[in-house]
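The numbering of the sequence shown is the working numbering, which starts it at 3 and goes up by one.
All C-beta atoms, glycine included, are put in the ideal place defined by N, C-alpha and C.
Predicted model, so just to flag it, every value in this text is computed and none were measured.
What follows is a short report on a single structure.
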Amino acid sequence: MPLLASSSAEGIVIWEKQDDASLGWGAIILSNHFNTVEAIQFAPDSLMLASAAADGWLCLWKKAKKIAQTLQGADKGFSSVAWHPQGNKIAAGGQNGEVIIWSKGSHGVGFG
Numbered sequence: 003m004p005l006l007a008s009s010s011a012e013g014i015v016i017w018e019k020q021d022d023a024s025l026g027w028g029a030i031i032l033s034n035h036f037n038t039v040e041a042i043q044f045a046p047d048s049l050m051l052a053s054a055a056a057d058g059w060l061c062l063w064k065k066a067k068k069i070a071q072t073l074q075g076a077d078k079g080f081s082s083v084a085w086h087p088q089g090n091k092i093a094a095g096g097q098n099g100e101v102i103i104w105s106k107g108s109h110g111v112g113f114g
C-alpha cells in the first residue's frame, strides 16, 4: 500500500513499504505527463491519486499505480488539484486563474 507520493519535473514517485521489512521502502515512478507535475493529492479514503501538470492534463491513477482517466481543460496547464471530502468531485486550478470542477459520473465510473 502506498504511503507517500512526491512529484517533480521527472514524474511522480510512489513510496511503499515492502512486505519483507528487511527490504525497507520501495519506489515506483509514474509517468504519463509530458511536462512538470505541479500538484498531486490522494482522494479521501482511497488510493486514487490525482496529478495536475503544466501540460494541461489532470491524471487519475488507480491504486496510485495505473492510469485510470485523463482529464483536460487548462490551455496553459494546471497548478493545483483538490478533492471534495466525499471524493465525488475534483477541482483543478489553471495557470490562467481558471478553476475546473469535475463530478463523478452518474454510474459511479469516471469523472466528466
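Problem set entry | Local Cβ density within 10 Å of residue 12, reported as buried at 16 or more and exposed below that | exposed
Exercise. Between the Cα of residue 86 and the Cα atoms of 39, 40, 44 and 29, which residue gives the shortest distance?
Worked result: 44
Exercise. Where do the ends of the beta strand (DSSP E) carrying residue 60 lie?
Worked result: 59 to 64
For this session: Just the C-alpha distance for residue 112 and residue 106, rounded to the nearest angstrom, thanks.
Result: 6 Å
Exercise. What are the boundary residues of the beta strand (DSSP E) that includes residue 18?
Worked result: 13 to 19
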